[in-house]
Structures are given as C-alpha cells and as structure tokens.
Amino acid sequence: MGVEDSTARRHRAGRVAAVGAAVLVLGVGGWSAASAAPPLPLPLPSLPLPAPGQTYVTPDDLHGFDAEITGEGTQDFTDELGAPPAGGMDALKIATPGGGDKVQFFTSELAGPLENFESSSYYAKRDVASTANDAQFPSFQITVDKNGGAFETGDFSTLSFEPVYQSGANSNQTAGTWNKYDTGIGLFCSSRPIGGYEANQTRCDNQGFRTLSEIVEENEGITVLSAGINQGSGNAGLTSAVDLVQVGATTYNFERTAPVTPPTPGEPPNCEPPKDEHPDEWGQDEHPKGDHPKGEHGKGEGGKGEHGKGGGEHPKGEHPGDEHPQDEHPTDECGTS
Ligand SMILES: [Ca+2]
174 MGVEDSTARR
184 HRAGRVAAVG
194 AAVLVLGVGG
204 WSAASAAPPL
214 PLPLPSLPLP
224 APGQTYVTPD
234 DLHGFDAEIT
244 GEGTQDFTDE
254 LGAPPAGGMD
264 ALKIATPGGG
274 DKVQFFTSEL
284 AGPLENFESS
294 SYYAKRDVAS
304 TANDAQFPSF
314 QITVDKNGGA
324 FETGDFSTLS
334 FEPVYQSGAN
344 SNQTAGTWNK
354 YDTGIGLFCS
364 SRPIGGYEAN
374 QTRCDNQGFR
384 TLSEIVEENE
394 GITVLSAGIN
404 QGSGNAGLTS
414 AVDLVQVGAT
424 TYNFERTAPV
434 TPPTPGEPPN
444 CEPPKDEHPD
454 EWGQDEHPKG
464 DHPKGEHGKG
474 EGGKGEHGKG
484 GGEHPKGEHP
494 GDEHPQDEHP
504 TDECGTS
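If you want this note's numbering, it's the position in the sequence shown, counting the first as 1, plus 173.
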C-alpha cells in the first residue's frame, strides 16, 4: 500500500475511534448525569388528614356510644363498605342476619334540648348483598324525656326516622350507595303517644309522623336522653353501614383509628428546642428569609441526611459547618416522638 492509502486508513480509523469515543462519552455522560442528580423525594404515603369539625368515634374512643346487641346482631368499625364523602376510610357496619336480631348504637353525649336536633343528619349505605326487604335501612333514633325535668313514669319515648317513611331526597332507598338523610327536616314516629301524636300512633306504620320542630312545639321541655343508630328487630338479612352522624355542630365520624394532625408548616415537628440549649439558633436573626429555602430546614419536609450528611448537596458557605453541627440537631430530638 502507498503512503497515502495508509494515511487515509489512519484518518478513517481515527474518525471511527472518535465517533466511538463520542458515543462512549455520551453513554457515560448519561449515567453520570443520572447518578449526580439529587435523588427525587420519595412520595409521602397519603395518610388521611383529620377533617375540620369532625369528632372521631373509634373503638378506643367511643364518645359515649354504646352498642346494645340482641341475638346474632353485629357492629364493627370497618372499611368493608367504604365511607361517604368526607367520611374518612371506615364506617360502622351493622348486620342483623335474623329477624330477632337488633343493634343499637347510641350516645348520651348528645343529651340536651331536642331543638338541637333540628340540624341533624346521617349517612347510611345498604349492602347490595342484603336479603332484607328493599325498603329496610338503619334508622336514626332519639330517646327523649317528653317534658324534661324529673324523669317520671310515662315521660319516656323513642323517636324514629326511617327512610321508607320520608319524602323527597330523604326517601332515597338506593342500595350500594351512601345516602344522606336530613333528619333535621325529616319525619319522626314516636314509640309512645307524647304531645302531637294520637294514642294509636305509636308505630311508624300508623301515619304518626311529625317533624322535630313540631314535636318540640307540642312537648314543652322535651329533652334528649341519647341518640344514634338502630337496626332491627324485623330486619332479617340486612347488612348496612352508617357514618357521619351529625347533630348541630357535632359530626361523628366512625373510624378504626383517628387520623393524626400533622405538624404545623413552619414549625419543627413535635418539639421545640429548649431556649437555653439552643440560644439564638432557631431564632430569626440567624436564619433570615432567603438564607434557607423553604422546607430545607428541619420543617418535617427534609428527609434524614438532607442536612449536613449529604456532602456535596450543600456547598460550603451555604451551610457552614459550625452553623448546624450534627450534635446540636440530633435526629431524635425533633423526630417522631
Ligand atoms: Ca368514617
């Protein structure tokens, strides 16, 4: 081969080598860029947050609720039938497999004037697997002393709201959905002939229907003893769930556990450093706005290792070593306790 041929081959080989090197560099560069990038923050688990204004009723904190069970009836805090909008994860599931089974879940925490119930409601869902009569749902009941004061013989009655005796939206008997019942404007039957009811109107099926405001008007001093949910007897094969029992400003949310309020943004989680041990360190003077990007500084958003342990993540000068020594902010000091 001639000199020119040899030179041309060397040039071609050089170009091939250069292209290969370029590919190699690109490839390595790609890996390098990926590994040098700051790790993406892990998504936080979507824990339920406490709903403002709700009172959580859990197996460990029943707020005066007490289950009275007859026969094979059951009641359980569970997510099996879900929960209504804004009702969290769970609800109170009630089952009455037999005709003689009965479950009452009442609280005396709502004792007081019946007027308070003129703003009241609850949600109920009938399990589509129920074999009971289609019209049957858990009812809302209020036990009363018809004239308040001393509780004497003849003062007691139970007021009952059942969807099947209502009109409009309150008569919704759709199975498999969460139905809201506005008991504050609903129709109630009375188990005893208190004011406004005829002597033969002691059952809901005898047309003895009154609104709560009518009952209040016709029974001066009428006072609530307890209130809640009833299912049975006579509800064989009914499985349902109830939630968000509301009376006035109180809304009871039935949950297995109550959600925990997260730390307030801008505050260290779960603790404040004692003033004597951290003079000025947490004060505004040493951390003026702009010095530390929001969320970077011990506010519960930064993960472990973000602060001082990450090496090159915080160039010297931005977090001088003497400003945030690790032994002054031990992990367990403002941690998960
Ligand atoms: Ca709930």
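Beta carbons: idealized from backbone N, C-alpha and C, even for Gly.
Excluding five sequence positions before and after residue 257, the CB atoms of its chain that fall closer than 8 Å to its own CB belong to 264, 296, 298, 351, 353, 416 and 417, given in chain order. In chain order, the residues positioned with their C-beta nearer than 7 Å to some heavy atom of ligand 1 are 256, 260, 261, 262, 263, 264, 416, 417, 426, 427 and 428. In the three-state scheme derived from DSSP, where H, G and I count as helix and E and B as strand, residue 382 is classed as coil. Exclusion of the five residues before and after residue 247 leaves 268 as the residues of its chain whose Cβ lies within less than 6 Å of its Cβ. Between the region 271–284 and the region 356–371 there are fewer than three C-beta pairs closer than 8 Å, too few to call the two in contact.
Rounded to whole angstroms, the Cβ separation of residue 405 and residue 276 is 6 Å, and the two are in contact under 8 Å. Per the coordinates, the alpha-carbon of residue 370 lies some 37 Å from the alpha-carbon of residue 254. Minimum Cα-Cα distance from residue 292 among the listed residues 343, 422, 431 and 332 corresponds to 422.
One Cα belongs to residue 434, the other to residue 231, and the distance between them is close to 16 Å. One Cα belongs to residue 347, the other to residue 402, and the distance between them is close to 18 Å.
Taking 4 residues as the shortest admissible run, the region 322–360 contains no complete alpha helix (DSSP H) segment at all. Comparing alpha-carbon positions, the option among 325, 432, 244 and 364 lying closest to residue 259 turns out to be 432. Listed as beta-bridge partners of residue 250 by DSSP are 265. By DSSP's assignment, residue 416 forms a beta bridge with 296. Between the C-alpha atoms of residue 314 and residue 290 there is a straight-line separation of about 11 Å.
It is roughly 7 Å from the alpha-carbon of residue 316 to the alpha-carbon of residue 329. Residue 332 and residue 221 have their C-alpha atoms roughly 35 Å apart.
Burial of residue 278 is indicated by the presence of at least 16 other C-beta atoms within 10 angstroms of its C-beta. Take residue 288, set aside five residues on each side of it, and the residues of its chain with a beta-carbon closer than 6 Å to its own are 389, in chain order.
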